[in-house]
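Visitor: Chains as they are written, first to last, in numbering that gives the first Met the number 0: chain A, 0 to 616; chain B, 0 to 616.
Protein chains: 2
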Amino acid sequence: MSNSAAEDPIERAAADSGHATIHVTLLPSGRTVESTPGRSCAEMLAAAGLPLSTDCGGIGTCGKCLVRFSGEAPEASPAGRRFLSAQAIQDGWRLACQHPVQDGMQIEIPSETEQLESKATFEFDVARLSLDPEIAAVTADLAPPTRDDPLAGMDALLTALGEHLPISLAAMRGLSDRPRGAVRRVQVIKGNGRVLDVRSGEGVVLGAAIDVGTTTLAVYLYDLMTGRRVGSSAGYNPQRAFGADVISRIGRVRKRGDEGLAELHETLIEGLNERLQAACEAADADPRSIYRAVVVGNPTMMHLMIGVSPVGIDHVPYVSAFLRSVQFQASEEGLCMHPSGDVLLLPGISSYVGSDIVAGLLATSLGQSGEPELLVDIGTNGEIALAMDHRLVSCSTAAGPAFEGAAIRQGMTAVTGAIEDVSIQDGSVTASVIGGGDARGLCGTGLIGAIDECQIAGCIDSTGQMVDDPCDLADRIEGEGRDRALVLTDGDAPVRLYQEDVRQFQLGKAAIRAGIDTLLDHSGVRACEVARLYVAGAFGTHLRPQRALRTGLLPTIAEGRIRAVGNTAAQGAIFVLLDRRMQTEAEELAQRAEYVELSSDAGFSKRYLDHLSFPSA
Amino acid sequence: MSNSAAEDPIERAAADSGHATIHVTLLPSGRTVESTPGRSCAEMLAAAGLPLSTDCGGIGTCGKCLVRFSGEAPEASPAGRRFLSAQAIQDGWRLACQHPVQDGMQIEIPSETEQLESKATFEFDVARLSLDPEIAAVTADLAPPTRDDPLAGMDALLTALGEHLPISLAAMRGLSDRPRGAVRRVQVIKGNGRVLDVRSGEGVVLGAAIDVGTTTLAVYLYDLMTGRRVGSSAGYNPQRAFGADVISRIGRVRKRGDEGLAELHETLIEGLNERLQAACEAADADPRSIYRAVVVGNPTMMHLMIGVSPVGIDHVPYVSAFLRSVQFQASEEGLCMHPSGDVLLLPGISSYVGSDIVAGLLATSLGQSGEPELLVDIGTNGEIALAMDHRLVSCSTAAGPAFEGAAIRQGMTAVTGAIEDVSIQDGSVTASVIGGGDARGLCGTGLIGAIDECQIAGCIDSTGQMVDDPCDLADRIEGEGRDRALVLTDGDAPVRLYQEDVRQFQLGKAAIRAGIDTLLDHSGVRACEVARLYVAGAFGTHLRPQRALRTGLLPTIAEGRIRAVGNTAAQGAIFVLLDRRMQTEAEELAQRAEYVELSSDAGFSKRYLDHLSFPSA
């Protein structure tokens with residue numbers, strides 16, 4: 000072996016490992032793939048039919064082949080250090096082209112399509128909706144050109160439509176080559192006062208509701224003529240590699256300037272295009288059939304989606320470049336849909352209460368009953384809205400990613416292998432695992448379940464400290480300091496609840512609870528007067544209200560008034576997609592809603608500190 | 000030398016030629032460059048700082064490195080035959096990567112920037128114009144965000160403007176990062192009821208008038224705030240490599256389908272972008288300062304510019320996909336200007352009378368005097384418009400490219416080295432050469448000059464036959480059949496007028512003259528009643544009216560009524576660029592103008608045959 004080969008970690012690994020077949024587990028799916036030694040992780044993935052999109056062909060100069068090592072990660076390569084933050088490296092992110100495959104590796108692939116979509120447990124008030132989308136398809140008979148009147152295609156179309164509309168360039172392309180002496184029947188797609196497309200024959204007309212989350216991206220595809228959902232796709236936001244929350248992503252833009260902005264912008268567009276393509280595959284549809292997208296997300300995500308710097312958002316006085324709705328053509332951002340299709344970003348309320356919350360207000364009809372109602376949307380940020388009388392007030396708190404299963408040691412999203420609940424009885428621990436197989440980690444509801452049960456069992460005290468005395472689970476508590484943990488599952492790869500995880504949870508739940516209490520106080524409403532409390536977000540979907548009440552995440556409200564409503568952001572976007580009057584309603588809600596800035600609220604900090612502890616039993 | 004090397008024509012040439020420096024002349028500039036043997040023409044051009052844009056890196060698989068050999072061309076390579084039509088090969092087009100440089104070569108480079116722009120000899124009625132462009136720049140003071148009101152950038156802008164306008168994505172990018180507590184002053188560019196851009200500081204606001212000719216492309220750059228021209232650039236239309244006239248380009252789209260359409264579309268956009276860049280360099284301006292483009296051209300060029308198939312145009316009943324004006328954002332076609340800038344294609348009259356003629360009507364104010372007036376625009380097609388009373392009638396004839404110096408043996412555009420006129424007296428021939436140096440070829444006015452003088456001298460008879468008896472130029476006439484020619488200049492590389500060239504001229508002038516006569520007849524106007532006859536096009540600029548009358552190109556009209564007006568198409572586009580009311584006027588002209596289809600006019604064919612001959616002296 001030459002010296003130069005010995006210096007290449009991949010060749011060295013190949014030489015070391017002989018030629019046995021090795022096995023790698025891909026996360027979050029849990030799928031196992033075989034590989035031969037001597038390959039880089041990027042090559043292994045390509046061979047497994049999961050090529051990562053790269054620009055440099057695997058030489059470590061483009062920084063695009065990001066994967067995350069679960070468990071022990073190899074030492075970051077110099078190339079990796081150029082592209083990844085210290086935090087990302089600590090979190091296990093690496094460049095796949097820089098590291099050799101090894102037997103037993105567990106690699107998380109940000110782009111792998113996953114069923115992250117939550118099943119709504121709540122019936123939205125769809126009776127309010129009419130199927131009246133902004134996009135309409137009409138049939139038009141184009142008069143034939145004759146020798147005496149060689150009518151241009153555009154004129155034949157406008158005559159057939161009986162109105163003079165601007166015609167997109169793509170539609171113009173459908174107006175060539177009309178047969179002589181015969182009527183040509185075409186399907187005309189109209190929207191926003193323009194002709195978007197002219198097609199031969201009749202085709203499906205689709206719309207996409209897009210939820211741009213800090214952590215996950217979701218696309219819901221609808222047939223706009225029937226109102227039926229035809230496909231969907233959810234997956235991680237690939238921007239995760241640049242930071243777990245909006246603050247770290249804004250920081251990256253500030254630090255790297257236009258280049259950082261372009262990087263985050265392009266990464267997001269690529270991520271959305273993967274979701275759009277996957278949803279189209281699920282629906283067996285051509286992306287060119289998507290003529291409208293309604294997009295919701297927090298303001299930072301909306302800025303990054305259209306390449307506008309969000310650097311005003313992360314410091315006082317928290318300024319957005321825009322909050323109103325924004326409309327543009329799909330081709331302007333290269334979205335994977337019809338190039339002349341309309342893209343609508345719904346309006347937000349403030350720099351930290353975005354269109355995702357406006358969509359949630361729409362989906363839950365918050366306050367339309369006339370009674371006080373609360374919406375608590377728990378994601379990486381926790382946004383809260385309170386409706387009473389004719390007022391709507393809102394605020395936002397930094398919940399942190401713990402509720403989404405991130406930033407905890409063995410955290411994961413609520414997919415196959417995640418512990419979604421825990422029960423502790425008579426000194427023994429039972430974990431409910433999604434999919435029923437071996438537990439691989441802990442998702443948000445699993446985290447709150449474990450903590451709640453530990454509190455009841457007495458092995459976590461009201462300050463959040465893990466105590467092994469008096470405690471009948473003492474034999475399951477091990478380690479000290481950072482590594483102190485309760486072993487939740489047995490076997491070769493036990494899943495543990497770390498002391499640190501409990502701290503993360505405390506920080507998050509205190510922020511949300513203090514936000515709720517501040518809004519209530521601000522509005523002169525008592526918790527017991529709240530008629531309905533909607534818990535939104537993937538975390539909310541499987542949440543057991545008792546746990547939220549016992550751990551102090553939610554204020555004392557009758558359990559029956561708490562409703563888990565799943566992804567209300569996406570649901571509101573779907574409402575607007577299917578019924579254009581809902582766009583007007585969203586604009587009005589965004590205009591009407593007031594915003595309470597918690598960082599300048601004297602009561603908030605005190606409440607936050609109070610709620611770091613658990614309620615005394 | 001190995002066999003494989005010997006089979007490579009470039010290596011073989013290198014081996015054959017030793018290592019002497021060789022010289023190559025680049026056309027149309029006449030610039031001489033040095034090279035070493037063994038290089039391909041493509042490599043030689045790259046070394047000379049004139050790299051051709053290619054996709055394959057010089058291996059003959061992309062077909063983009065087109066050049067045209069002047070004089071004897073090397074045998075076309077197999078790669079060349081794949082990309083080039085038989086006609087193109089006969090015309091001397093080759094792939095530059097496939098042929099070795101040789102001493103004394105003359106190579107025409109389609110992309111080389113050339114001063115093809117003609118100097119207008121006519122004063123357009125600019126008094127009609129107000130400087131009132133569609134684009135306006137205003138200064139706006141954005142209120143600062145405060146802790147109490149962290150006003151979004153977009154809201155600060157709309158408040159400052161005092162009106163609610165849609166804001167382009169590019170403009171939104173200028174609304175980030177406002178300073179706290181201080182007013183931010185920005186320049187806002189508005190147009191067509193939208194905010195196109197928001198910039199810090201004050202910058203120049205430019206507009207481009209673009210003339211898309213079948214043979215040449217021209218861009219005229221204006222400062223829209225002062226109305227001054229700041230730069231311009233003209234050059235060949237690189238689509239020339241795919242056929243000399245619109246018919247051959249439409250044929251290519253029909254034959255190669257979507258691929259052919261994409262090829263012609265992209266080639267044109269690339270060609271326009273080169274012109275836009277060159278004009279910006281001349282103006283020392285950033286292409287992002289161009290916020291509006293007004294485009295004119297024949298309908299086939301307008302179709303190809305926006306990627307719409309023109310296949311209905313070349314056969315009865317000659318159907319366009321569109322004739323009305325079309326407006327879009329620069330980013331939709333990737334034009335080298337501000338991405339949110341507006342692009343306006345002016346309307347045309349029929350499939351063969353395009354916006355170039357509508358712009359010509361605008362520039363010459365045709366018919367506004369109330370007297371009968373004619374506009375004859377001589378390019379690859381000859382378009383004719385006649386105004387009388389309140390009518391406007393138009394037609395189009397296939398003039399062929401002879402008037403532009405193409406399709407004749409030693410033809411060239413009216414640039415340095417072109418014979419622009421000829422005088423024959425007492426058996427001796429004097430040629431006026433543009434730039435005063437050695438004659439390299441014959442441009443359109445040189446052709447008509449030579450033919451007119453030969454007629455007077457008696458060496459071309461009224462049928463167009465070159466006769467050497469009786470003729471005092473008999474000693475200058477040589478060759479027979481296809482090669483029969485009159486030697487115009489002496490020296491090593493004489494320029495000749497071939498019998499074939501005379502035939503080309505006869506075909507072209509008969510078509511134009513028959514068109515004029517048909518329009519006059521159709522409208523009941525006699526030639527002597529025409530108050531003004533405008534001859535437009537580069538050819539017209541240097542035309543001596545007598546020659547046009549004596550050769551029968553124009554009908555018998557008092558010489559003083561004939562006015563050479565240069566590029567009226569570009570001039571009309573400039574009018575619309577500077578004064579937005581002119582757009583309305585152009586729309587009205589296009590609506591009002593009638594079109595006479597010559598191919599179905601019984602009198603046209605007869606007149607065409609009659610006018611193939613020269614008027615008897």
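Yeah, the Cβ is synthetic: ideal placement off N, Cα and C, and Gly gets one too.
#1: Output yes if chain B places a C-beta closer than 8 Å to the C-beta of S145/A; else output no.
#2: Mapping DSSP to helix, strand and coil, what is E113/B?
#3: On the DSSP letters alone, give me the boundaries of the beta strand (DSSP E) that I188/B sits inside.
#4: Please report the residue range of the alpha helix (DSSP H) in which M304/B lies.
#5: Give the range of the beta strand (DSSP E) segment to which Q326/B is assigned.
#6: Out of curiosity, what's the CA-to-CA distance linking C64/A and L26/A?
#7: Can you confirm whether D622/B, when its beta carbon is compared against all beta carbons of chain A, has any partner nearer than 8 Å?
#8: Using DSSP with H/G/I as helix, E/B as strand and the rest coil, what is S69/A?
#9: Since A626/A is in the alpha helix (DSSP H), which residue starts that stretch and which ends it?
#10: Please check the pair T517/B and D600/B, which I expect to be a contact at CB under 8 Å, by giving their CB distance rounded to whole angstroms.
#11: With DSSP as the reference, identify every bridge partner of Q276/B, one or two as the case may be.
#12: Distance, Cα to Cα, P144/A vs Y594/B?
#13: Going by DSSP, name the residue or residues bridged to A535/B.
#14: Check whether the Cβ atoms of V211/B and M300/B lie closer than 8 Å to each other.
#15: Measure the alpha-carbon distance for T379/B versus A243/B and round it to whole angstroms.
#16: In chain B, which residues lie less than 8 Å from E265/A when you measure between Cβ atoms?
#17: Can a CB atom of chain B be found closer than 8 Å to the CB of P149/A?
#18: For S231/B, which of A136/B, D196/B, A277/B, V187/B has the nearest alpha-carbon?
#19: Which runs of the beta strand (DSSP E), 3 residues or longer, sit entirely within the segment 424-464 of chain A?
#20: By Cβ distance below 6 Å, which residues in the same chain neighbour L168/A in space, the five residues on each side in sequence not counted?
#21: Across the segment 546-554 of chain B and the segment 562-575 of chain B, are there enough close Cβ pairs to call them in contact, namely three or more that are closer than 8 Å?
#22: Within the same chain, show all residues whose beta-carbon is closer than 7 Å to that of C40/B, passing over the 5 residues directly before and after it, in chain order.
#23: To the nearest angstrom, how far is it from the Cα of S308/B to the Cα of A261/B?
#24: What's the C-alpha gap between V494/A and D257/B?
#25: So, at 6 Å on beta carbons, what are the nonlocal neighbours of Q582/B in its own chain, with the 5 sequence-adjacent residues on each side left out?
#26: Around the C-beta of K189/B, are 16 or more other C-beta atoms found within 10 angstroms, so that it is buried, or is it exposed?
#27: Note down, in chain order, each residue of its chain lying with its Cβ closer than 7 Å to the Cβ of A397/B, except the 5 sequence neighbours on either side.
#28: Indicate the three-state DSSP secondary structure (helix, strand or coil) for P400/A in the structure shown.
#29: Is the separation between the beta-carbon of L487/B and that of V421/B shorter than 8 Å?
#30: For L174/A, return the contacting residues in chain B, with the cut-off set at a CB-CB distance below 8 Å.
#31: Can you find a C-beta in chain B that's less than 8 Å from the C-beta of R287/A?
#32: Roughly how many angstroms separate the alpha carbons of P400/B and T214/B, rounded to a whole number?
#33: How about P77/A: is its C-beta nearer than 8 Å to some C-beta of chain B?
#34: Taking the alpha carbon of S76/A as the reference point, which residue from G59/A, Q86/A, G70/A, F68/A has its own alpha carbon closest?
#35: What residues match up with L391/A in a beta bridge as DSSP calls it?
#36: Just checking K508/B against the ligand GTP - is the residue's beta carbon closer than 7 Å to any of the ligand's heavy atoms?
Guide: In short, the structure shows the following:
#1: The identity of residue 145/A in the sequence shown is Thr, whereas the question assumes Ser. For T145/A, the answer is yes, since a Cβ of chain B falls inside 8 Å of its Cβ.
#2: Confidence is the limiting factor: at E113/B the pLDDT is only 36, short of 50, which leaves the residue's position unreliable and the question unanswerable from this model.
#3: Its beta strand (DSSP E) spans residues 183-190.
#4: Where M304/B is concerned, the enclosing alpha helix (DSSP H) starts and stops at 298-304.
#5: In the DSSP assignment, Q326/B falls within the unbroken beta strand (DSSP E) covering 325-328.
#6: L26/A has its alpha-carbon roughly 15 Å from the corresponding atom of C64/A.
#7: The structure shown does not extend to residue 622/B, since chain B is modelled only from 0 through 616, so no value can be given for it.
#8: Judged by DSSP in its simplified three-state form, S69/A adopts coil rather than helix or strand.
#9: Outside the modelled stretch of chain A, which goes from 0 to 616, sits residue 626/A, for which no answer is possible.
#10: About 6 Å separates the beta carbons of T517/B and D600/B, which is inside the 8 Å limit, making them a contact pair.
#11: Looking at the DSSP assignment, Q276/B forms no beta bridge with any residue, so it has no partner.
#12: One C-alpha to the other measures close to 15 Å.
#13: DSSP lists D376/B, G565/B as partners of A535/B.
#14: Taking a C-beta distance under 8 Å as the contact criterion, V211/B and M300/B qualify as a contact pair.
#15: Computed Cα separation, rounded: 8 Å.
#16: The contacting residues do not exist; E265/A stays about 14 Å from chain B at best.
#17: At a cut-off of 8 Å between C-beta atoms, P149/A counts as an interface residue with respect to chain B.
#18: In terms of CA proximity to S231/B, A277/B leads the group A136/B, D196/B, A277/B, V187/B.
#19: The qualifying runs are 427-432.
#20: Closer than 6 Å at the Cβ level, and outside the excluded window around L168/A, lies no residue.
#21: With fewer than three CB-CB distances shorter than 8 Å, the segment 546-554 of chain B does not count as touching the segment 562-575 of chain B.
#22: Listed in chain order, the non-local C-beta contacts of C40/B below 7 Å within the same chain comprise V66, A95, H98, V100, I106, local neighbours out to five positions each way being set aside.
#23: Computed Cα separation, rounded: 9 Å.
#24: V494/A and D257/B: Cα-Cα distance of roughly 57 Å.
#25: Excluding residues within five positions, the ones whose Cβ falls inside 6 Å are V575.
#26: Flag for K189/B reads buried.
#27: A distance below 7 Å between beta-carbons, with the five flanking residues on each side excluded, links A397/B to the following residues of its chain, in chain order: N380, A510.
#28: Helix.
#29: In contact: L487/B and V421/B (Cβ atoms closer than 8 Å).
#30: Ordered by position in chain B, the residues that pass the 8 Å Cβ test against L174/A are V307, A320, F321.
#31: The beta-carbon of R287/A is placed no less than 8 Å from the nearest beta-carbon of chain B.
#32: So the alpha carbons of these two residues sit roughly 8 Å apart.
#33: Closer than 8 Å: no.
#34: The shortest Cα separation from S76/A among G59/A, Q86/A, G70/A, F68/A belongs to G59/A.
#35: Answer is A386/A, bridged to L391/A.
#36: Here there are no bound small molecules, and the ligand GTP is not part of this structure.
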